[in-house]
Amino acid sequence: MNSVSEPNPPVTMPQCKSLHRLSGQIALVTGANSGIGRAVALSLAREGAAVGINYLGGRDAAMAVVDEITQFGGQALAIGADVSDERQVEGMFSQMLKTFGTVDILINNAGLQQDAAFDQMSLAQWQRVIDVNLTGQFLCARAAIREFKQRGVRPDISCAAGKIIGISSVHEVIPWAGHVNYAASKGGVMMMTKSIAQEVAPYRIRVNSICPGAIRTPINRAAWETEAAYDQLMTLIPYRRIGEPEDIGRAAVWMASDESDYINGISLFVDGGMTLYPGFAEGG
Ligand code: NAP
Numbered sequence: 013m014n015s016v017s018e019p020n021p022p023v024t025m026p027q028c029k030s031l032h033r034l035s036g037q038i039a040l041v042t043g044a045n046s047g048i049g050r051a052v053a054l055s056l057a058r059e060g061a062a063v064g065i066n067y068l069g070g071r072d073a074a075m076a077v078v079d080e081i082t083q084f085g086g087q088a089l090a091i092g093a094d095v096s097d098e099r100q101v102e103g104m105f106s107q108m109l110k111t112f113g114t115v116d117i118l119i120n121n122a123g124l125q126q127d128a129a130f131d132q133m134s135l136a137q138w139q140r141v142i143d144v145n146l147t148g149q150f151l152c153a154r155a156a157i158r159e160f161k162q163r164g165v166r167p168d169i170s171c172a173a174g175k176i177i178g179i180s181s182v183h184e185v186i187p188w189a190g191h192v193n194y195a196a197s198k199g200g201v202m203m204m205t206k207s208i209a210q211e212v213a214p215y216r217i218r219v220n221s222i223c224p225g226a227i228r229t230p231i232n233r234a235a236w237e238t239e240a241a242y243d244q245l246m247t248l249i250p251y252r253r254i255g256e257p258e259d260i261g262r263a264a265v266w267m268a269s270d271e272s273d274y275i276n277g278i279s280l281f282v283d284g285g286m287t288l289y290p291g292f293a294e295g296g
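Every position in the sequence shown, counted from 1, becomes a number in this note's numbering once 12 is added.
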C-alpha cells in the first residue's frame with residue numbers, strides 16, 4: 013500500500029510481472045448500455061476484466077449487456093447512476109468497491125447532445141451538456157483517482173495504479189456550429205484529461221482520451237441512417253467508412269492495458285482521418 017501523500021516509487025517495465033491484457037482487472041464503464049460504452053464494456057470483458065455497466069435510464073439494455081458478458085463467462089454488474097450527480101457517483105463507486113473490491117480502469121463514456129443554433133440555445137441545454145459530458149467525467153475521475161492513490165500499484169495486475177480513459181470527440185479540436193455546448197464540453201475534457209494526467213503521473217496513474225470520429229450509434233443516427241446522409245458524411249472521412257463501436261472497443265482495450273503503459277495524457281483520434289482537414293485533399 014502507498015500512502016496518499018507519497019507517489020509510487022518508479023517501477024521500470026522489466027519489474028512488472030506481466031504484460032497480460034486485462035485479466036484480474038476491474039473496470040467501470042459509464043453509459044455502458046448503448047453504443048460506444050456497450051462495445052467498450054464487452055471488449056474489456058472479453059479481455060478478462062470484470063465490468064461495472066453504468067446506465068441512466070436504460071436498465072433493460074444494461075441488464076442485456078450484463079447477460080451477454082456472463083454468457084461468455086465474464087463478470088459484470090449493472091449500476092444505475094447519473095454521472096452529473098455527485099452523490100450518485102459516490103454511490104456507484106461504493107457499489108463497485110463492495111462488489112469487486114477495487115477499480116483499476118475507468119472509462120468515462122457517458123455523454124449526450126442537446127443541439128441548437130447558438131442564439132436559440134437555452135441555459136438549460138448548455139448546462140445539461142456541460143454537466144454530463146464534462147462535470148460527469150470530473151466526478152468519476154476524482155472518485156477513481158482517490159481509489160488508485162490509496163491502493164497503489166499491484167504489479168501482478170498491472171504496471172499502473174489505475175487507468176482513466178475519457179471518451180472525448182474529434183470535436184475537442186474541430187469547431188461544430190449548432191453544437192456549441194457539445195464542442196465546449198469536449199474541449200474541456202481535453203484540457204481536464206491532460207491536466208489530471210500531469211498531476212497524477214507520479215502515482216503511476218495514466219489518464220488519456222479517445223476521440224472518436226463518426227461512429228454508428230444512436231447519438232448520431234441522422235448522420236448515417238439514410239443513403240444521402242451517409243454519402244454526405246463520407247465527404248468528411250478520408251477512410252470512406254463510418255466507424256463502428258467495436259473500433260473504439262479495440263482502442264480502449266489497448267489504452268487500458270499495459271501494452272500502452274508509457275502513454276499518458278494523450279488524445280487518441282480514432283476517426284478514419286476526420287481530423288486531417290479532408291477539405292484540403294485537393295487544392296487549398
Ligand atoms: P449513445 O448510444 O446515445 O449512448 C450514450 C450513453 O450515455 C447511454 O448509455 C446513456 O445512458 C448514457 N448517459 C447519458 N447521460 C447520462 C448520465 N447523466 N449519466 C449516466 N449515463 C448517461 O451515444 P454514443 O455515441 O455511444 O456516445 C458515447 C460517448 O461517445 C459520448 O460521450 C459521446 O459524446 C462520444 N462520442 C460519440 C461519437 C459518435 O459518433 N457516436 C463521436 C464522438 C464522441 P441511458 O441510455 O441509460 O440514458
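For glycine and all other residues, C-beta sits at the position ideal for the given N, C-alpha and C.
Endpoints, beta strand (DSSP E) assigned at Ile312: Residue 312 lies beyond the residue range present for the chain, which begins at 13 and ends at 296; the question has no answer from this structure.
Paired residues, beta bridge with Ala88 - DSSP: By one-based count along the sequence shown, residue 88 stands at place 76. Paired residue(s): Val63.
Proximity test, Leu245 beta-carbon vs ligand 1 heavy atom, cut-off 7 angstroms: Walking along the sequence shown from the start, residue 245 turns up at place 233. It does not: the Cβ of Leu245 is nowhere closer than 7 angstroms to a heavy atom of ligand 1.
Terminal residues of the alpha helix (DSSP H) in which Leu245 lies: By one-based count along the sequence shown, residue 245 stands at place 233. Where Leu245 is concerned, the enclosing alpha helix (DSSP H) stretches over 239-246.
Ile249 Cβ short of 7 angstroms to ligand 1 heavy atom set: Sequence index remark: in the sequence shown, residue 249 carries index 237 (1-based). No.
Ile169 versus Val115: straight-line alpha-carbon distance, rounded: The residue given as residue 169 occupies position 157 in the sequence shown. The residue given as residue 115 occupies position 103 in the sequence shown. If you take the alpha carbons of Ile169 and Val115, they lie about 12 angstroms apart.
Collapsed DSSP secondary structure at Glu80 in the structure displayed: Translated into the one-based positions of the sequence shown, residue 80 becomes position 68. In the structure shown, Glu80 sits in a helix (DSSP, three-state: H, G or I).
Option in Ala213, Glu159, Gly225 with minimal Cα separation from Val185: Taking the sequence shown and counting its residues from 1, the one referred to as residue 185 is at position 173. For the residues Ala213, Glu159, Gly225, the minimum Cα distance to Val185 belongs to Gly225.
Spatial neighbours of Ala73 in its chain, beta-carbon cut-off 8 angstroms, leaving aside the 5 residues before and after: Here residue 73 is taken as the residue at index 61 of the sequence shown, counted from 1. Closer than 8 angstroms at Cβ, skipping near neighbours: Asn45, Ser46, Arg50, Tyr67.
Whether Met104 touches Ala93 by CB criterion (8 angstroms): On the sequence shown, residue 104 is found 92 positions in, with the first residue counted as 1. On the sequence shown, residue 93 is found 81 positions in, with the first residue counted as 1. Yes, these two residues count as a Cβ contact at 8 angstroms.
Beta-bridge partners of Ile38, as assigned by DSSP: Taking the first residue of the sequence shown as 1, we reach residue 38 at position 26. DSSP lists Ala62 as partners of Ile38.
Whether Ile48 touches Thr205 by CB criterion (8 angstroms): Start at 1 with the first residue of the sequence shown, and residue 48 comes out as number 36. Start at 1 with the first residue of the sequence shown, and residue 205 comes out as number 193. No.
Nearest residue (CA-CA) to Phe281, options Val192, Met108, Gly178: Mapped onto the sequence shown, residue 281 falls at position 269. The residue with the shortest Cα to Cα distance from Phe281 is Gly178.
Val101 to Ile81 span [Cα, whole Å]: Taking the sequence shown and counting its residues from 1, the one referred to as residue 101 is at position 89. Taking the sequence shown and counting its residues from 1, the one referred to as residue 81 is at position 69. Answer to the nearest angstrom: the Cα atoms are 23 angstroms apart.
Residue burial classification, Gly174 (beta-carbon count within 10 angstroms, cutoff 16): One-based indexing of the sequence shown puts residue 174 at position 162. Flag for Gly174 reads buried.
Any non-hydrogen atom of ligand 1 within 7 angstroms of Ile227 CB: Position 215 of the sequence shown, counted from the first residue, corresponds to residue 227. Short note on Ile227: C-beta closer than 7 angstroms to some heavy atom of ligand 1.
heavy atom of ligand 1 below 7 angstroms from Tyr67 C-beta: Mapped onto the sequence shown, residue 67 falls at position 55. Correct: Tyr67 has its Cβ closer than 7 angstroms to ligand 1.
Chain-order list of residues whose beta-carbon lies under 8 angstroms from that of Ser55 (same chain, five-residue window excluded): For the purposes of this step, residue 55 is identified with residue 43 of the sequence shown, where counting begins at 1. Excluding positions up to five away in sequence, the list reads Glu258, Gly261, Arg262, Ala264, Val265.
Nearest-angstrom Cα separation, counted from Gln132 out to Met286: Here residue 286 refers to the residue found at position 274 when the sequence shown is read from its first residue. Here residue 132 refers to the residue found at position 120 when the sequence shown is read from its first residue. Spanning the two alpha carbons is a distance of roughly 28 angstroms.
Candidates Gln87, Pro19, Ile65: closest to Gly36 by CA position: Residue numbering aside, residue 36 sits at position 24 when the sequence shown is read from its first letter. Nearest option by C-alpha distance: Gln87.
Proximity test, Ile179 beta-carbon vs ligand 1 heavy atom, cut-off 7 angstroms: The sequence position of residue 179 within the sequence shown is 167, counting from 1. Checking every heavy atom of ligand 1 against the Cβ of Ile179, one is found closer than 7 angstroms.
Rounded straight-line distance, which links the Cα of Gly64 to that of Ile91: Counting from one through the sequence shown, the residue named residue 91 turns up at place 79. Counting from one through the sequence shown, the residue named residue 64 turns up at place 52. About 7 angstroms.
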